[in-house]
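S.K.: Here's a structure for you.
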Amino acid sequence: MGGYDEVYAASVADREGFWLAAAEALDWHRTPTRALDDGRPPFYRWFPDGELNVAHNALDRHVAAGRGEQAALVYDSPVTGTRLTYTYARLTQEVAAFAGVLRGLGVVAGDRVVVYLPMVPEAVIAMLACARIGAVHSVVFGGFAANELAVRIDDATPKVVVSASCGIEGKRVIEYKPLLDRALELATHRPGNCVILQRPQAKATLGPGDLDWAEAVASAAPADPVPVKSTDPLYVLYTSGTTGKPKGVVRDSGGYATALAWSMPNVYDVGPGQTIFTASDVGWVVGHSYIVYAPLLAGATTVLYEGKPVGTPDAGQFWRVCAENGVRSLFTAPTAFRALRKEDPEGEYARQHDLSGLRYLFLAGERLDPETYHWASELLEIPVIDHWWQTETGWPIVADPAGIELLPVKPGSPTKPLPGWDIRVLDANGAQVPAGQDGAIVAKLPLPPGAFSTLWNDDGRFVDSYLAAFEGYYLTGDGGRIDEDGYVFVMGRTDDVINVAGHRLSTGGMEEILAMHPDVAECAVIGVADALKGQLPRGFVVLKAGVDDSAEGYGAGLRKELVALVRDRLGAVASLKEIDIVPALPKTRSGKILRKTMRGIADGLDEPVPSTIEDRSVLDALRAVLRGDTR
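Per the UniProt record's numbering, numbering through the sequence shown is continuous, rising by one, with the last residue being 631.
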């Protein structure tokens with residue numbers, strides 16, 4: 001294929017030929033004869049005359065190729081002490097059986113099924129069972145609040161909800177059935193049935209219309225794969241919206257499967273029989289793409305991990321999983337590595353395991369600060385690959401393509417755009433800015449295969465939210481720059497750029513500097529309202545484990561050092577003078593720091609607590625600091 005430049009140039013010079021060739025990696029019921037339908041912009045469609053079944057491509061075809069006894073899914077649950085391996089043959093049988101359950105409940109192609117499950121194999125089985133019969137799954141993160149689940153049920157109008165008796169968050173058992181029952185009381189839509197997986201940690205009381213998973217599967221006849229159009233939806237995944245109403249990102253079948261199948265060998269350098277460990281959750285896009293669909297489409301082995309990076313029971317679990325399963329590529333969020341660095345700054349846990357098979361560490365979900373990059377690189381002595389993408393895009397936009405050519409690293413940059421992504425940086429007037437200057441990062445339409453095609457039942461909001469700001473472009477919502485070598489630097493959400501006395505400053509740039517201090521594990525900088533200068537930055541830092549902060553005057557001294565560090569790097573214009581030392585930062589379950597919520601509280605607004613929050617007590621403690629109740 002050649003190096004990066006040749007591959008990217010080929011995708012630009014002959015888009016049709018490039019993606020039709022990529023589609024040959026799949027089994028098609030009806031092979032597409034053209035790649036892109038651009039007859040109704042901005043509603044582009046990929047492989048419009050193709051038909052396939054994604055679950056067949058993820059499972060049955062590998063069994064037919066003689067690899068049925070290869071491991072497909074490894075379930076590793078330190079919170080329950082469970083480890084199970086599903087071969088491709090067994091996983092295919094389990095998926096076919098549960099597809100039969102759904103078919104028996106009247107679910108047909110095009111119907112929706114809401115999946116509200118923890119990180120257990122049945123979550124993967126339910127997703128693939130939907131795909132097997134052409135149903136559209138919508139996974140809601142297990143343990144979401146009842147009102148948020150109700151909103152999603154009303155929007156997706158599922159025929160069936162699949163859930164469990166409980167989930168396990170760290171050391172806590174969270175009962176799901178009361179949350180589901182409350183959600184159904186709040187919702188106006190009524191699903192026909194609920195299928196409940198009973199877990200031994202907490203049994204659920206079943207009511208009218210509820211079915212026990214095990215009993216339903218035992219009596220079901222297995223269902224065969226149902227071919228669907230490439231343009232038919234595979235799933236709807238909800239992401240937060242600025243109006244409070246979540247946005248249902250619609251993923252098509254053929255374009256998504258093609259993009260993921262291409263990305264596994266080319267971006268992640270993982271092929272048949274090799275293992276990828278994606279430490280995320282099936283409730284997020286990373287879980288959909290790189291725990292479930294992409295690894296199985298590639299014929300690889302995927303690890304489903306039920307636990308945390310630290311505390312279940314220690315900071316060595318990622319390394320244990322990698323060593324025990326011969327993991328080739330590890331993919332997680334920068335926040336997970338900041339947690340590891342905080343708990344184990346010297347990397348002692350990693351040195352207790354044989355990580356000789358680990359070739360790459362991939363990080364995404366939030367900006368990778370250079371300090372975390374350097375820490376991971378020095379600890380593992382393997383390529384640490386920052387890559388950037390979003391729920392809406394489905395797969396990476398910008399990445400160092402390990403399977404094609406590892407490009408020289410520039411810390412702070414996820415390197416260059418992947419094939420199909422035409423990335424630009426625009427100013428407020430829509431003009432392209434010179435290399436090295438900051439602006440709004442956009443992608444020129446049409447977006448490549450795998451990206452979302454619209455929002456569920458809301459084409460108007462799709463256009464207004466993403467396509468209206470700059471005609472002909474998808475607005476990513478992230479700001480940054482492209483340097484003279486074509487490297488993309490993503491500095492954070494555009495609303496994380498603050499205006500201090502007329503100077504536009506990136507809070508991401510300030511965070512990068514704060515993270516350089518040897519005592520700082522992670523940090524966040526937000527802009528708070530100021531009557532004189534418009535906005536002023538305010539910083540929050542979390543110390544590394546083992547840092548002795550008991551000495552008199554330590555906190556004041558550290559704040560002084562950090563202020564001086566930012567002043568030295570950015571100049572007095574940065575105006576960062578207020579820094580708080582806090583035990584933790586409020587985050588979503590996917591690891592994103594809740595900067596917008598923090599800003600609202602700091603500005604005295606009655607900011608609602610997001611449904612995606614990991615630990616509300618952390619936000620409550622920070623609220624006291626932000627409002628000056630304590631120091």
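Each residue gets a CB set at the ideal place from its N, CA and C atoms; glycine is no exception.
Please work out which residues of its chain come closer than 7 Å, Cβ to Cβ, to E405, disregarding the five sequence neighbours upstream and downstream, and give them in chain order.
M.R.: Here the set comprises G3 and Y4.
S.K.: Using the beta-carbon count (16 or more within 10 Å), is S263 buried or exposed?
M.R.: S263 comes out buried.
S.K.: So for D27, helix, strand or coil by DSSP?
M.R.: It is coil, neither helix nor strand.
S.K.: Need the endpoints of the alpha helix (DSSP H) that S329 sits in, please.
M.R.: Run containing S329: none in the alpha helix (DSSP H); it sits in the beta strand (DSSP E), S329 to T332.
S.K.: Does the region 323-339 touch the region 349-366, meaning 3 or more C-beta pairs lie closer than 8 Å?
M.R.: Yes, the region 349-366 is in contact with the region 323-339.
S.K.: Assuming K444 is part of the alpha helix (DSSP H), what are its boundary residues?
M.R.: Taken as a continuous stretch (DSSP letters only), K444 belongs to no alpha helix (DSSP H), being part of the beta strand (DSSP E) at G439 to K444.
S.K.: Can the beta-carbon of F309 be found closer than 8 Å to that of L340?
M.R.: The sequence given here has Pro at residue 309, not Phe. Contact: yes.
S.K.: At which residues does the beta strand (DSSP E) containing V124 begin and terminate?
M.R.: Looking at the DSSP string, V124 is not in any beta strand (DSSP E); the run it does join, the alpha helix (DSSP H), is P121 to R132.
S.K.: Name the two residues that bound the continuous beta strand (DSSP E) containing residue 635.
M.R.: The question about residue 635 has no answer here: the residues shown for the chain are numbered 1 through 631.
S.K.: Are the region 125-144 and the region 230-240 touching by the rule of at least three beta carbon pairs closer than 8 Å?
M.R.: Yes, the region 125-144 touches the region 230-240.
S.K.: Touch check for the region 314-324 and the region 156-176: three-plus C-beta pairs under 8 Å?
M.R.: Counting Cβ pairs under 8 Å, fewer than three are found: no touch.
S.K.: Based on the DSSP output, what are the partners of P233 in its beta bridges?
M.R.: DSSP, once it has assigned bridges, lists D252 as partnering P233.
S.K.: Would you give the residue range spanned by the alpha helix (DSSP H) that Y176 belongs to?
M.R.: From DSSP, Y176 is part of no alpha helix (DSSP H); its letter is neither H nor E.
S.K.: Shortest alpha-carbon distance to L505 belongs to which of P246, I526 and E306?
M.R.: Of the listed residues, the one whose Cα sits closest to L505 is I526.
S.K.: Taking all protein chains shown into account, do 16 or more other C-beta atoms lie within 10 angstroms of the C-beta of V108, making it buried, or fewer, making it exposed?
M.R.: V108 should be labelled exposed.
S.K.: Candidates R152, E185, E16 and A584: which alpha carbon is nearest A521's?
M.R.: The candidate whose alpha carbon is nearest that of A521 is A584.
S.K.: So, for G555: in the same chain, excluding its five sequence neighbours on each side, which residues have a beta-carbon less than 6 Å away from its beta-carbon?
M.R.: Taken in chain order, the residues that qualify are I581.
S.K.: Tell me the start and end of each unbroken beta strand (DSSP E) in the region 32-96 that is at least 3 residues and wholly inside, in chain order.
M.R.: Segments of the beta strand (DSSP E) lying fully in the region 32-96: 71-77 and 82-87.
S.K.: Whose C-alpha, out of A435, L380, P208 and P121, is nearest the C-alpha of T87?
M.R.: Comparing Cα positions, the closest option is P121.
S.K.: Can you list, in chain order, the residues of its chain whose CB lies under 7 Å from that of G104, leaving out five sequence neighbours each side?
M.R.: If we look at G104 and ignore the five residues flanking it on each side, its Cβ neighbours are A220.
S.K.: Using a Cβ-Cβ cut-off of 6 Å (strictly less than) and excluding sequence neighbours within five positions of K410, which residues of its own chain qualify?
M.R.: Y487.
S.K.: Cutting at 6 Å between CB atoms, please list the residues of its own chain near L368, excluding the five before and the five after it.
M.R.: So the list reads P334 and D386, once near-sequence residues are dropped.
S.K.: Could you tell me which of P419, Q390 and F337 sits nearest to V384, measuring between CA atoms?
M.R.: Of the candidates P419, Q390 and F337, the one whose C-alpha sits nearest the C-alpha of V384 is F337.
S.K.: Could you tell me the boundaries of the alpha helix (DSSP H) in which I613 lies?
M.R.: I613 -> no alpha helix (DSSP H), and no H or E assigned at all.
S.K.: Can you grab the Cα-Cα spacing for the pair R616 / D458, in whole Å?
M.R.: Computed Cα separation, rounded: 32 Å.
S.K.: Looking at the secondary structure, which residues open and close the alpha helix (DSSP H) in which P295 lies?
M.R.: A294 to L297 is the span of the alpha helix (DSSP H), which, as asked, contains P295.
S.K.: Which first and last residues belong to the beta strand (DSSP E) in which Q274 is found?
M.R.: First-last for Q274: undefined, no H or E at that position.
S.K.: Under 8 Å, with one C-beta from each stretch per pair, do the region 271-290 and the region 33-52 reach the 3-pair mark?
M.R.: Cβ pair count under 8 Å is below three, so no.
S.K.: In this structure, does DSSP put A150 in helix, strand or coil?
M.R.: Looking at A150 - three-state DSSP - the assignment turns out to be helix.
S.K.: With 16 other CB atoms within 10 Å as the buried threshold, where does Q274 fall?
M.R.: Looking at its Cβ environment, which holds 16 or more other Cβ atoms inside 10 Å, Q274 is buried.
S.K.: State the Cα-Cα distance for the pair K177 and G472, rounded to the nearest angstrom.
M.R.: Using only the alpha carbons, I get a separation of about 45 Å.
S.K.: Using the Cβ count rule (16 or more neighbours within 10 Å means buried), how would you classify V12?
M.R.: Under this definition V12 is an exposed residue.
S.K.: So, for S465: in the same chain, excluding its five sequence neighbours on each side, which residues have a beta-carbon less than 6 Å away from its beta-carbon?
M.R.: Same-chain partners within the cutoff: there are none.
S.K.: Per DSSP, which residues does W388 bridge with? Please list them.
M.R.: BP columns for W388 point to V398.
S.K.: May I ask you to report which of helix, strand or coil DSSP gives F144?
M.R.: It is coil, neither helix nor strand.
S.K.: Starting from I513, follow the alpha helix (DSSP H) in both directions and report where the run begins and ends.
M.R.: Residues T507 to L514.
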